[in-house]
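Read the structure below first, then the notes.
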Amino acid sequence: MSVFDRYAPFVQDFIYSHEWESLRGIQVAAGEAIFDTDDHVLLCASTASGKTEAAFFPILTEFWERPPASVGALYIGPTKALINDQFYRLTDLCEEAGISVWHWHGDVSASHKARLMRRPSGILQITPESLEALLMRRHAAISKLFCDLRYVVIDEVHALLRQDRGGQCLCLIERLARIAGVQPRRIGLSATIGDPEAVGAFLAAGTGRGTVIPRVEEPPRTWRISMEHFYNTDPQADEGQIQTSGNSLDADVVAVETISNPRQGRGQPPRAVLQPAGRSCLSTEVAPAPDEGPTDTAPANADPGIGYIFEHTRGHKCLIFSNSREEAEEVCTTLRAYCEFNGEPDRFLIHHGNLSAAIRESAEERMRDDASDLSIVATATLELGIDVGRLERAFQIDAPFTVSGFLQRMGRTGRRERPPEMWFVMREDQPEARTLLPETIPWKLLQGIALVQLYREERWVEPPNLDRLPYSLLCHQTLATLASEGELSPAQLASRVLTLTYFHRVTADDFRELLRHLLRLDFIEQTESGGLIVGLAGERVTSSYKFFAVFQENVEYTVRCDSTEIGTLCAPPPPGEKVAIAGHVWIVDEVDHERHLLYVTQVKGKVPAYFGDVAGDINTHILERMRRVLEEHEAYPYLMGHARARLRQARHVAGSSHLTEGPLVCLGENDKEQTMWCLLPWLGTYAFLALERLVKIKCAAELGIKGVNSSRPYFMTFVMKENEQAFFSVVCDAAERLEDPMELLYPAEVPYFEKYDELVPESLIRKGFAEGVLDVAGMKARVAEWGRRLLEA
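For the sequence shown, my numbering assigns the number -8 to the initial residue and increments by one for each residue that follows.
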């Protein structure tokens, strides 16, 4: 019997009513895995491949045949916006069968939640933070709510693997299962996972079940990619200097990449393959796409890169991705100013995490209107599968930090029979006459090329980092467990917390040290009977809604214009100053520091925005591919005129200065007659950081190194008294003799990274940073390569 024939009648009717000609490969594979096994399932397939339906069609069929006595499926999504979007999609599917679909987060009405508490059933959609709140605030109701829980579906699982949030999600699922006395199957959904086996093991951790990872031969796909470069001021990189060959592409061509599988015959349905992971057999073809000129004209004095976006968005529905909220505000404000200058209606919206829910949802609703040709400037908030209508193309300002981010962002376009289309817009300041050699290299352009090439050539995506020492999360889960369950003996508390799979690297001694520290801080206290409860200081923290989230938050002020909430800002300016938020400029009328409120009035103008620091973790494999971009001679077909010219300049500089031949380059003497050096290790962020510390802490004194200045993870510059040979000798020896990563911390350093690090003993913070953050192994491997080269020379 086929998977379709096994679906419940109302699911089959849904498929017929939507005029699907056949099931997609991932839907067939998911059906076989869910119907025919009792294992967990990890569904990895491209964006818009129907993963959500693939997971829920078999689940809903089971609920139709055997209705659950409680909530039967828990859907965990990374954002409220994604849950709201999926809520409506699933409601349409379930309405006819009488299967309830609930959602639970901060924006959901109390009456909706009360109805669920009275009659738990069907599917509950929730964020990790709201699930934490449910376990803590409604602990006594958990058994009733989930006594027949059969499935936990984790959407966009890659987004939950970042930092402590993925660990919290895993802990929550384990805690819920223990309280309710159930063992639900776990189903993970993602379009961008670099190491499916590792994620599958993470998904199954502590359950005694395996994870099925279906392999699906997807139909051929077509990608349209372009990449252009702009200096922030004219003149631009000189196209006239490019040496062209007879088969070169025109400067304004957008490339098309067709990804096909030669084993799949034309017209045959996709075939699901249930097998261990292996590299797919894929071929790549790059060909020119139809030329599309500008559809608008930017003002004469426009920023070249932003003007380019302005000229190629009119008449199209576009996503414009930025790597920070500050840049998103600047770009949106600038684009709106160009509309005003030209006397055009405003056609730009904005979407990021500091905007109010009302503004974000309004932007999503307006984008869903197929009759409008609006564009929306966004950050990672729209990387995920929120429905914003038919999107024709995405713009990416500079390079994202990861291949995963590139794929997620590109995958937002190309739905409804259109190919995905992304236009990269790389921006940098013009190098000046006294600019140091490494600062003349267009690092973001190289990074963008490396991201695209790694996926084109290897189908490589960053593997998750699942082997950390999560002491901040350990502290959080300890307080959460006591807050929800009440008094526990130290042994009972350890059995509840230390047995959670995510803490497998934490020792009993570490946990005892944490408990003693929390007792000293009055975050927990000991009763006369020897039990542990939340202390007075702990109650102040656990009673706040902000406790439910484990990601770091800035101290934020709510911005209001009259009674309308605009969004949030950190570090508000005094009255009379201007702020940028929601794509507009506002003057500050009043600051209420006690209630963290900022009252504003909208005005014209342009000012920079600030929402807090943004960090990017770049993998070593990307840096290595960036080096190869400088070394090779390929003219990538998706590069536009200025980008090709800028790459040619960079390759010329790198070649003439031997920038890629060895990691250490002499920059000559500075104005103090000191010899300056540049170190280019081609390492990812945390391996680079480990090397930087090795140089500063272990080698600087012996080599006479001073003034270390890092542009992490690309290069570091410094002055040095010794020569190149002495540098490699000392650094290689120091790396080889390094036995304890703790040696790479400064004596009084306590590197706080995570939200609850300040509640963790300093000794554990130092240990967690040295052993769980710094990539010492990656650093030592690279330095060992230098040592081998030194011996061979």
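Beta carbons are placed, not taken as given, at the ideal position from N, Cα and C, and that holds for glycine.
Exposed or buried, which one is residue i when buried takes at least 16 other CB atoms within 10 Å?
i      : result
Ser274 : Here Ser274 scores only 38 on pLDDT, less than 50, and its place in the model is too uncertain to base an answer on.
Ser40  : buried
Phe542 : exposed
Tyr737 : exposed
His9   : exposed
Glu283 : exposed
Leu782 : exposed
Asp225 : exposed
Ala101 : exposed
Arg496 : exposed
Thr426 : exposed
How big is the Cα-Cα spacing for residue i and residue j?
i      : j       : result
Met707 : Ala691  : 13 Å
Pro58  : Ile50   : 11 Å
Asp186 : Pro461  : 21 Å
Ile440 : Thr533  : 46 Å
Tyr536 : Arg(-3) : 44 Å
Thr82  : Ser91   : 8 Å
Lys435 : Leu674  : 15 Å
Ser463 : Glu745  : 6 Å
Glu786 : His307  : Given a span of -8 to 784 for the chain in the structure shown, any question on residue 786 remains unanswerable.
Ala424 : Glu504  : 56 Å
Val416 : Glu209  : 30 Å
Trp777 : Phe760  : 26 Å
Asp243 : His220  : Caution applies to Asp243, whose pLDDT of 33 falls short of 50 and renders its modelled position unreliable; the model cannot decide the point.
Lys712 : Leu694  : 6 Å
Glu623 : Arg447  : 16 Å
Leu442 : Pro119  : 30 Å
Arg129 : Ser701  : 49 Å
Ala626 : Arg418  : 20 Å
Arg351 : Lys71   : 11 Å
Leu180 : Ala528  : 39 Å
Ile204 : Ala20   : 9 Å
Candidates the options: which alpha carbon is nearest residue i's?
i      : options                        : result
Asp378 : Tyr548, Ala768, Thr324, Leu73  : Leu73
Leu437 : Ser754, Ala390, Leu674, Tyr590 : Ala390
Gln444 : Ser554, Glu53, Ile216          : Ile216
Pro742 : Val764, Met711, Cys323         : Val764
Cys669 : Leu484, Val699, Glu356, Lys689 : Val699
Cys138 : Leu560, Met108, Glu374         : Met108
Ile17  : Ala(-1), Phe(-5), Glu519       : Phe(-5)
Glu374 : Ala540, Leu365, Phe386         : Phe386
Tyr747 : Thr38, Phe538, Glu419          : Phe538
Tyr548 : Val582, Thr555, Val525         : Val582
Leu491 : Arg728, Ala195, Val656         : Ala195
Gly380 : Leu365, Glu776, Trp777         : Leu365
Leu671 : Arg757, Gly172, His649, Ser37  : His649
Val144 : Ser37, Leu33, Asp225           : Leu33
Ile133 : Gly63, Glu56, Leu512, Glu585   : Gly63
Ala354 : Leu340, Cys330, Asp360         : Leu340
Ala349 : Tyr7, Thr555, Gln640, Lys569   : Thr555
Pro433 : Arg206, Ala641, Glu12, Leu14   : Ala641
Lys697 : Tyr705, Ile688, Pro704         : Ile688
Gly89  : Asp337, Arg637, Phe54          : Phe54
Met667 : Asp420, Phe718, Asn292         : Phe718
Hey, residue i and residue j are a contact pair by Cβ (cut 8 Å); roughly how many whole angstroms apart?
i      : j      : result
His149 : Ile117 : Wrong, their Cβ atoms sit about 18 Å apart, outside the cutoff.
Leu398 : Gly558 : Not a contact, Cβ separation roughly 28 Å.
Asp146 : Gly68  : 5 Å
His31  : Thr286 : So it is not a contact: roughly 48 Å between Cβ atoms.
Asp29  : Arg200 : 7 Å
His575 : Thr324 : 7 Å
Ile388 : Glu318 : 7 Å
Leu630 : Met218 : 5 Å
CB-CB under 6 Å to residue i, same chain, minus the five flanking residues each way: which ones, in chain order?
i      : result
Gln468 : Cys162, Val488
Arg305 : Thr286, Asp287
Met770 : Ala678, Ala681, Leu682
Gly659 : none
Within the same chain, show all residues whose beta-carbon is closer than 8 Å to that of residue i, passing over the 5 residues directly before and after it, in chain order.
i      : result
Gly567 : Ile578, Val579
Pro455 : His149, Leu152, Gly157, Ile184, Gly185, Asp186, Ala189, Val190, Phe193
Glu716 : Note on residue identity: the sequence assigns Gln, not Glu, to residue 716. Only Leu781 meet the Cβ criterion.
Excluding the five sequence neighbours on either side, which residues of its own chain have a C-beta within less than 7 Å of the C-beta of residue i, listed in chain order?
i      : result
Gly522 : Glu478, Leu479, Ser480
Thr431 : Pro422, Val644
Ala168 : Gln174, Pro175
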